[in-house]
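Take 743 as the starting number for the sequence shown in our numbering and just add one per residue. Every residue, glycine too, gets a C-beta built ideally from N, C-alpha and C. Each remark here refers to the structure printed beneath this line.
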Amino acid sequence: MTFDDLDLANIKLTNKDRRIVLLTSGGPLSTIVINGLRSRLGGLTVIEEGAETKSEIIRRRARLLGWPRALSQAAAGVMIRVLGRKRQARIANIVTSHGLDDTRDRNVAVYRVPSVNSLHARQLLQLLKPDVVAVYGTRILSKSVLAAISAPVINYHAGINPKYRGQHPGYWALASGDAENAGVTIHLVDEGVDTGSVLYQAPCQFAANDTISSYQYLQAAHALPLFARAIGDALTGNLKPRQVALPSKQWFPPTLGEYLQIGFLRGVW
743 MTFDDLDLAN IKLTNKDRRI VLLTSGGPLS TIVINGLRSR LGGLTVIEEG
793 AETKSEIIRR RARLLGWPRA LSQAAAGVMI RVLGRKRQAR IANIVTSHGL
843 DDTRDRNVAV YRVPSVNSLH ARQLLQLLKP DVVAVYGTRI LSKSVLAAIS
893 APVINYHAGI NPKYRGQHPG YWALASGDAE NAGVTIHLVD EGVDTGSVLY
943 QAPCQFAAND TISSYQYLQA AHALPLFARA IGDALTGNLK PRQVALPSKQ
993 WFPPTLGEYL QIGFLRGVW
């Protein structure tokens, strides 16, 4: 259901469904997260944002990193997607062996908005008045959205914070020869990029045939129990945030040159 289709006055959800709102961006991994949380916690409501276009992503990265790097990252992204098609069997094996569910359930209330930072999303959050907001795979939440939420906001990040904040953290940990810090983090959301206080963390061991295309599926299997536990902690008022004594760095997608060099010299794809 798109936001334009919504009649806000007539949204009818059970109190149980209203308690937990998940902000996500859609796709197979988001479906796995939705199903994993529902199986552990029961009802929830999903607000799903629309995807950025490729040109929007490139322009945003160019403003931050410059055009040469942004264009090279885009080229690497194309190669990663092409090579990723050869890893579908590995991904299917992870889904099956870890009991992940990537089947879309039509009984889940899903409201689609242009962006989690849109006025539409803020209005919906204010209407739902959730007890906890969970986040997976969305744009960075803006100050205005955070100000519209009176409940704890908890993010699942597929990396060990604060050392591997940002994008492709599992890949960068392995590429850096730092496998012991390849894992997952569940943390509170603040105005920074994966800088909020840590709630839970866990390491993740990858198989030799895992690549950047399959890392996050295996990470999801490790993260979902912790994500559900943190949400449960929020509902019962038992959150225990902490700081982690690691250096802090934000990572970005590899450029084409970085991706090829790391792949051929270190065997990390």
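- The Cβ atoms of I822 and I954 lie closer than 8 Å to each other.
- Rounded to whole angstroms, the gap between the alpha carbons of N903 and A949 is 22 Å.
- For the 8 Å CB-CB criterion, K905 and S990 form a contact.
- Under the DSSP definition of a beta bridge, W993 partners with G908.
- For the set E933, L888 and G792, the Cα lying nearest the Cα of G879 is the one of G792.
- Under DSSP, E790 takes part in a beta bridge, and its partners are T766 and R854.
- Of the candidates R802, A890, V852 and V858, the residue whose Cα lies closest to the Cα of L869 is A890.
- Taking 8 Å as the cut-off, the beta carbon of V775 is found no closer than this to the beta carbon of T787.
- By the neighbour-count criterion, in which a residue is buried when 16 or more other Cβ atoms sit within 10 angstroms of its Cβ, S814 is buried.
- Close CB contacts of R1008 within its chain, under the 7 Å cut and outside five residues either way in sequence, are with A917 (chain order).
- For H929, the pairing in a beta bridge is given by DSSP as N897 and V940.
- Where V986 is concerned, there is no enclosing beta strand (DSSP E), because DSSP gives it neither an H nor an E.
- In this structure L977 touches V874 by the C-beta definition: roughly 6 Å separates them, less than 8 Å.
- Burial of L764 is indicated by the presence of at least 16 other C-beta atoms within 10 angstroms of its C-beta.
- Judged by beta-carbon spacing, A921 lies beyond the 8 Å limit of P911, meaning their Cβ atoms are not closer than that value.
- A straight line joining the alpha-carbon of R811 with that of N849 spans about 43 Å.
- Secondary structure at V874: strand, using DSSP grouped into helix, strand and coil.
- Residue pairing of P945 in beta bridges, as defined by DSSP: G925.
- Within its own chain, the residues whose Cβ lies closer than 7 Å to the Cβ of R829, once the five positions on either side in sequence are excluded, are T953, S955 and S956, listed in chain order.
- Going by C-alpha positions, C946 is about 10 Å away from Q958.
- Contact between D844 and P770 holds, with the beta-carbon distance rounding to 5 Å and staying under 8 Å.
- As the crow flies, the alpha-carbon of L861 is around 43 Å from that of G919.
- Of S797, T997, F1006 and I928, the smallest CA-CA separation from Q985 is found for I928.
- For G974, the enclosing alpha helix (DSSP H) has its first and last residue at Y957 to L977.
- The beta carbon of H964 is closer than 6 Å to those of V926, A944 and C946 in its chain, skipping five residues each way along the sequence.
- Here DSSP, grouped into helix, strand and coil, assigns L806 to helix.
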